[in-house]
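Student: One structure coming up, written as structure tokens, with questions to follow.
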Amino acid sequence: MPTPDTALVYSGTCLFEGTNLSEGRGTTTPFEVVGAEGIDRRWAEAANALGLPGVWFREAYFTPTFSKHVGKVCGGVRLVVHDRAAFDPVRAGIGLLITARQVWNGFGWRADHWIDRLTGSDRVRTLVDAGADVDEVVGDWAVGLARFEAVRRPYLLYP
Numbered sequence: 091m092p093t094p095d096t097a098l099v100y101s102g103t104c105l106f107e108g109t110n111l112s113e114g115r116g117t118t119t120p121f122e123v124v125g126a127e128g129i130d131r132r133w134a135e136a137a138n139a140l141g142l143p144g145v146w147f148r149e150a151y152f153t154p155t156f157s158k159h160v161g162k163v164c165g166g167v168r169l170v171v172h173d174r175a176a177f178d179p180v181r182a183g184i185g186l187l188i189t190a191r192q193v194w195n196g197f198g199w200r201a202d203h204w205i206d207r208l209t210g211s212d213r214v215r216t217l218v219d220a221g222a223d224v225d226e227v228v229g230d231w232a233v234g235l236a237r238f239e240a241v242r243r244p245y246l247l248y249p
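Shown next, in the form of structure tokens:
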């Protein structure tokens with residue numbers, strides 16, 4: 091990962107590895123830019139309209155030198171994290187999946203359902219396909235996460 095910003099956004103934008111969009115591999119800002127041919131400013135506008143804390147989405151254009159869409163000009167978004175404490179990368183990634191699907195009719199999941207492996211089940215994919223909003227998708231794993239945190243708590247060396 092080339093920069094700390096790449097590491098910061100990675101856990102959310104890596105979800106695009108499960109789609110037909112470029113996650114910015116083959117650029118100098120992988121995972122900080124996401125897009126594909128034919129996407130325009132409407133995606134950044136829709137993502138900003140979510141009002142996600144700590145992040146803005148800028149319209150971006152990039153040409154990957156390898157990986158998905160190699161050599162093609164991709165339109166998309168660049169994540170600009172302005173408040174690291176408030177930023178939730180996974181929530182931002184889910185918001186981007188939802189808005190990409192809404193504004194770009196070329197959106198698609200990888201045929202091998204790689205998104206299911208990235209997220210641990212088919213729930214994210216099926217909820218996004220069903221039109222769920224960010225809170226519904228993120229809330230879907232809240233009970234399991236709370237259970238895990240309770241089991242984990244006694245093993246933390248530094249609470």
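In case it helps, this note's numbering puts the sequence shown at residues 91 to 249.
Note that CB positions come from ideal geometry on N, CA and C, so glycine has one too.
(1) Tell me, please, which residues DSSP counts as bridged to Gly165.
(2) Hey, could you find the ends of the alpha helix (DSSP H) Glu113 is sitting in?
(3) Can you list, in chain order, the residues of its chain with a C-beta nearer than 8 Å to that of Gln192? Leave out the 5 residues immediately preceding and following it.
(4) Judging by CA-CA distance, which residue of Arg132, Arg131, Asp202 and Thr118 is the nearest neighbour of Pro94?
(5) Using 8 Å as the Cβ pair cut-off and three pairs as the minimum, do the segment 160-177 and the segment 206-220 touch?
(6) Which residue marks the beginning of the alpha helix (DSSP H) containing Tyr100, and which one marks its end?
(7) Verify whether the separation of the beta carbon atoms of Glu107 and Leu208 is less than 8 Å.
(8) Which residue marks the beginning of the alpha helix (DSSP H) containing Glu226, and which one marks its end?
(9) Under the three-state reduction of DSSP, which class applies to Pro244: helix, strand or coil?
(10) Report yes or no: do the segment 133-153 and the segment 228-243 share at least 3 C-beta pairs separated by less than 8 Å?
(11) Helix, strand or coil: which one does DSSP assign to Val170?
(12) Quick check on Thr155: buried or exposed, where buried means 16 or more other Cβ atoms within 10 Å of its Cβ?
(13) Given a threshold of 16 other Cβ atoms within 10 Å of its Cβ, counted over all protein chains shown, does Arg242 qualify as buried or as exposed?
(14) Quick check on DSSP: helix, strand or coil for Trp199?
Tutor: In brief:
(1) Bridge partners of Gly165: Ala126 and Tyr151.
(2) Where Glu113 is concerned, there is no enclosing alpha helix (DSSP H), given that its DSSP letter is neither H nor E.
(3) Correct list, in chain order: Ala136.
(4) Here the closest residue by C-alpha is Thr118.
(5) At 8 Å Cβ cutoff, the stretches do not touch.
(6) In the DSSP assignment, Tyr100 falls within the unbroken alpha helix (DSSP H) covering Pro94 to Thr103.
(7) Yes; because the gap between Cβ atoms is below 8 Å, this pair is in contact.
(8) Here the alpha helix (DSSP H) through Glu226 covers Val224 to Gly229.
(9) Collapsing the DSSP output to three states places Pro244 in a helix.
(10) Too few Cβ pairs lie closer than 8 Å, so no.
(11) Reduced to three states, the DSSP call for Val170 is strand.
(12) The residue is exposed, with fewer than 16 neighbouring Cβ atoms inside 10 Å.
(13) Exposed, because fewer than 16 other Cβ atoms sit within 10 Å of the Cβ of Arg242.
(14) Strand at Trp199.
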